[in-house]
Amino acid sequence: MVAACKKDGAIRLCIDPVHLNKALLRPHHPMKTIEQVVADMPGAKVFSILDARCGFWQVPLSEESLRLTTFMTPVGRYAFLRMPYGISTGSEVFQRCMEQLFEGQPCAIVVDDILVWGSTTEEHDLRLRQVMDRIRTVNLKLNPDKCRFRVSEVSYVGHLLTDQGIKPDPTKTDAVSSMPTPADKHDVQKFLGMTNYLSKFIPGYSEITAPLRQLLLQDVEWSWQEHHMAAFTRLKKLLTSPPILQYFDVHQPVVVSADVSQHGLGAVCLQDNKPVAFASRALTETESRYAQIEKELLALVYACQKFHDYIYGHPVTIETDHQPLITILKKPLHLASARLQRMMLKLQRYNLNVVYKRGKELYLADALSRAHLPSTDGADTSEDYDVMTVEALSSRRIEELRQETRADHLCRRLSEIIAVGWPDSSKKLPHDLRQFYAIRDELTVDNGLLLRGQRFVIPHSLQRYYIRQLHQGHPGLEATKRRARETMFWPSMYQDIEHEISRCAPCNALRPHQTKEPLQLHDIPDLPWALTAADVFEWGGKEHLVLVDSYSSWFEIDQLPNMTSATIITRLKRHFSTHGAPQQLMTDNATYFTSREFQEFAYTWDFCHVTSSPHYPQSNGLAERAVRSAKHLLEKCARDGTDVYAALLNLRNMPRDGLPSPAQRLLSRRTKSLIPMTKAMYVPKAGQTVRIQTDRGYDKLGTVIGRALQPNSYQVQAGDATYIRNRRHLLHTPEQYTPPTATEVPLNTNSEPLPEPQPNVNQPQTEQVQEAPVVVTRSGRISKPNILYKDYTT
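If you're matching positions, the sequence shown starts at 1 in UniProt numbering and goes up one per residue.
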């Protein structure tokens, strides 16, 4: 939504329905020709023109249509109940509605005006009363400032309807007939360029222009004579009369060319490549200071207003030699500067298709803009209005910004480029100005201030100051960026804001906690008791030590009489003497684990001691989970009077989620508990019986003897051979497998036994390591030991 304030103080709400216009279909309502209108008014002497006030707003919308006009405002969403300005089909819909309302009435609908006539004053007044009664009946509102009553002459579609008959409208040819006499060879070149574009419609063109072309020869000095003036006058007369000057045809497509020079505007209305009307005027003193893109858009506005009678209610192609203008007209209205918005709002009533045409091909409009009429008529219209804006800064701040903009070298050069126009390539710009090229169609200069749309371009000297102003109250990085995005601009604004705020001491001191890092898993140990973790916890008013094996989830609990390193080392030695010294022990950073005595213990018993991150116990997740299990065990046993050690014995023989019990994973056997079992269940097992998949199915029986180096793969002994197979090719079976008595042969990965290897006397013999048992579930999938836990170490 854009709120516009008209010169009479009225407010108009405008929208820019770009996307809606793309979906609307033109109704193709036929317009009356001048011949049809004149045929209905023989002998007309007296005329009246009635203008509908805010015509579009007098056309109500259906419920389905009004929802399509929904637009955003600072206080919510609204929709138009009446047809809004900016709708591409609005003019034709309005024309059709007007003709339907006044069908059978003694009047003609002239675009958006109601024309009433009469051969006498009495006849005219009678018809006018009849039309006025109909206006009252349909509740149509009129604009009294634009109504004209009982006049003897009115203008209609390039013609004057007078009490003397129809006359051509001289205003459509004034731009050519009043064209000033050429003052040098360059002026002659421009004039001949325009006439040459229409030369195919001028009989004897070469003969007529011969005197003028003589002036362009290099060896001829400039001298304007009578025969030159005669040729110049004759060409102007030919351009402003048939057959070159085309009579307007409402059924033919319309093309409008518009251009601007340093001091003037030029425009021409064309049908079938023939001119229908010419227009030109000088720029006012204020307009001459506009940026180049503002001047180019001003030329389009001037052309549309000048040829309003020809283009209103028609789809029109309008040609310009300023390509960035096409880009900015496609952008949302609120992104443009206030001056551009004012001109874009004036174009909303027309159905325009703006196309780019190279300047050297825009002969007519270019020549008219350079040889413009001295008059500035039409520069100010009664329909002009200003976009309502709120100043972002106080008057003192604006003056300070203006002074710093003028003093800034980069801003001065940028202002000059905006005033004279941008080149067709960024490579033609100085290196420091290339960063503005992508947004060149949004940059304007207004009273010494640089703007990008509605935002001020801040010079370098004030950038840090305004960052501090934006960051008052320390709203945070993203909030500061959002505020900056709607009020100011410079190319490196976001990077500078990040740089400044990252050094804000109050913000850094009160910064929230870092987000949690993604959980990481420790590497799966290959052997039981290879990776262990220990921790101390308090329960029942007493301290306890817990030691857990990552491979089997077997944990030990010891009550501690004190918290010294010597006491903890003694408890650990007892467990290490039973199960062996681990490869790695993880603890926290408590003093009893980080003392010199404990470090000597780790060195003597040859294990790697790893500590978790300080103040971050989650990094030793294995021990933390074991502490939780130990506390639950002690608490539950205390509540029901159960023997803790009997409960611990039972838990160590308890299978875990499809995995064997901790005792089976650590000791390769079940331990004798309070639950009776057969003797066979106590027999140690090095592996589980599986069947290996072959081309004939699962027809090979074997036993898992260990893991392979390949991922998710295992060593399986079957008969006299040892195979490596992925777990998807192994099926668990309750069958009994009897290993062969012969000596085990080397590993074979190709399903066939390998020949017995010959001993190499040059290589030292390595000790064979017996791998821990690997379990295959009933589904045929080999399960990994329950050793997955969260790793928070840095």
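Idealized CB from N, CA, C, for every residue including glycine.
(request) Would you mind working out which of 368, 105 and 714 sits nearest residue 261, comparing C-alpha positions? (result) Closest option to residue 261, Cα to Cα, is 368.
(request) Confirm, please, whether the CB-CB distance from residue 8 to residue 147 is below 8 Å. (result) Not closer than 8 Å, so no.
(message) What does the alpha-carbon distance come out to for the pair residue 571 and residue 527?
(response) For residue 571 and residue 527, the distance between alpha carbons rounds to 22 Å.
(message) DSSP three-state label for residue 710, please.
(response) Here residue 710 sits in coil by DSSP.
(message) At the level of alpha carbons, what is the spacing between residue 444 and residue 323?
(response) C-alpha of residue 444 to C-alpha of residue 323: approximately 16 Å in a straight line.
(request) Per DSSP, which residues does residue 266 bridge with? Please list them. (result) DSSP output for residue 266 lists 259 and 280 as bridge partner(s).
(message) Let me check understanding here. Comparing Cα to Cα, which of 588, 91 and 240 lies closest to residue 313?
(response) Of 588, 91 and 240, the residue nearest in Cα terms is 91.
(message) Tell me which residues share the same chain as residue 682 and place their Cβ nearer than 8 Å to its Cβ, disregarding the 5 neighbours each side in the sequence.
(response) Counting only residues of its own chain and dropping the five nearest sequence neighbours on each side, residue 682 has a CB closer than 8 Å to the CB of 669, 670 and 672.
(request) Would you give the residue range spanned by the alpha helix (DSSP H) that residue 687 belongs to? (result) For residue 687, there is no enclosing alpha helix (DSSP H), since its DSSP letter is neither H nor E.
(request) Spatial neighbours of residue 451 within its chain, please: CB distance less than 6 Å, with the 5 preceding and 5 following residues excluded, ordered by chain position. (result) Sequence-distant Cβ neighbours of residue 451 in its own chain, meaning closer than 6 Å and more than five residues away, are 337 and 444.
(message) If distances are taken between C-alpha atoms only, which option among 227, 226, 230 and 275 comes closest to residue 247?
(response) Of 227, 226, 230 and 275, the residue nearest in Cα terms is 275.
(message) For a minimum of 4 consecutive residues, which ranges assigned as the alpha helix (DSSP H) are wholly contained in the region 549-587?
(response) List check, alpha helix (DSSP H) in window: 565-579.
(message) For the alpha helix (DSSP H) containing residue 604, name the first residue and the last one.
(response) Segment 596-604, the alpha helix (DSSP H) holding residue 604.
(message) I'd like to check one pair, residue 256 with residue 311: are the Cβ atoms closer than 8 Å?
(response) In this structure, residue 256 lies closer than 8 Å to residue 311 by Cβ.
(message) Check this for me: beta carbons of residue 86 and residue 17, under 8 Å apart or not?
(response) Yes, the pair counts as a contact, with Cβ atoms nearer than the cut-off.
(message) Let me check one thing: in DSSP terms, what residues is residue 730 bridge-paired to?
(response) Paired residues: 692.
(request) Provide the residue(s) that pair with residue 444 in DSSP beta bridges, ordered along the chain. (result) Looking at the DSSP assignment, residue 444 forms a beta bridge with 451.
(request) Between the Cα of residue 150 and those of 60, 132, 99 and 47, spot the shortest distance and give me the residue it belongs to. (result) Minimum Cα distance to residue 150 is reached at 47.
(message) Looking at the strands, I want to know which residues DSSP matches up with residue 481.
(response) Residue 481 is not bridged to any residue.
(message) Taking 8 Å as the limit between beta carbons, can you name the residues of its chain near residue 375, skipping five residues before and five after?
(response) Hits under 8 Å: 281 and 282.
(request) Would you be able to state if there are at least three C-beta pairs under 8 Å between the region 195-202 and the region 173-180? (result) A contact between stretches requires three or more CB pairs, one per stretch, nearer than 8 Å, and the region 173-180 fails this requirement with the region 195-202.
(request) Just the C-alpha distance for residue 507 and residue 24, rounded to the nearest angstrom, thanks. (result) Rounded to the nearest angstrom, the two C-alpha atoms are 52 Å apart.
(message) Can you list, in chain order, the residues of its chain with a C-beta nearer than 8 Å to that of residue 204? Leave out the 5 residues immediately preceding and following it.
(response) The answer is none, since no qualifying residue turns up.
(request) Please say whether residue 1 and residue 83 have beta carbons closer to each other than 8 Å? (result) In this structure, residue 1 does not lie closer than 8 Å to residue 83 by Cβ.
(request) Using 10 angstroms around the beta-carbon of residue 225, count the other beta-carbons present and answer buried if the total reaches 16, otherwise exposed. (result) So residue 225 counts as exposed.
(request) Just list the beta strand (DSSP E) runs in the region 45-118, keeping only unbroken ones of 3 residues or longer that don't cross its boundaries, in chain order. (result) Here the runs fully enclosed are 46-51, 71-73, 76-78, 108-110 and 113-118.
(request) Return the bridge partner residues of residue 721 from the DSSP annotation. (result) The partner list for residue 721 (beta bridge, DSSP) reads 718.
(request) Could you spell out the range, first to last residue, of the alpha helix (DSSP H) harbouring residue 312? (result) Note, residue 312: premise wrong, no alpha helix (DSSP H); not H, not E.
(message) Less than 7 Å between C-beta atoms, sequence neighbours within five positions excluded: which residues of the same chain meet that for residue 415?
(response) Correct list, in chain order: 445 and 450.
(message) Quick check: the Cα distance between residue 646 and residue 586, rounded to an integer number of angstroms?
(response) Answer to the nearest angstrom: the Cα atoms are 28 Å apart.
(message) Can you find the residues in the same chain that come closer than 7 Å, C-beta to C-beta, to residue 525, ignoring five residues on each side of it along the sequence?
(response) Non-local C-beta neighbours of residue 525 in its own chain, meaning closer than 7 Å and more than five positions away in sequence, comprise 531, 550, 551 and 787, ordered along the chain.
(message) Please state whether the Cβ-Cβ distance between residue 136 and residue 106 is less than 8 Å.
(response) For residue 136 and residue 106, no; Cβs fall outside 8 Å.
(request) For residue 714, count neighbouring C-beta atoms within 10 Å of its own C-beta (all shown protein chains included) and say buried if the count is 16 or more, exposed if not. (result) That one is buried.
(request) Count the other CB atoms, across all protein chains shown, that sit within 10 Å of the CB of residue 438; report buried if there are 16 or more and exposed otherwise. (result) Result: exposed.
(message) Let me check understanding here. Comparing Cα to Cα, which of 542, 166 and 273 lies closest to residue 253?
(response) The residue with the shortest Cα to Cα distance from residue 253 is 273.
(message) I need the DSSP call for residue 304, collapsed to helix, strand or coil.
(response) Looking at residue 304 - three-state DSSP - the assignment turns out to be helix.
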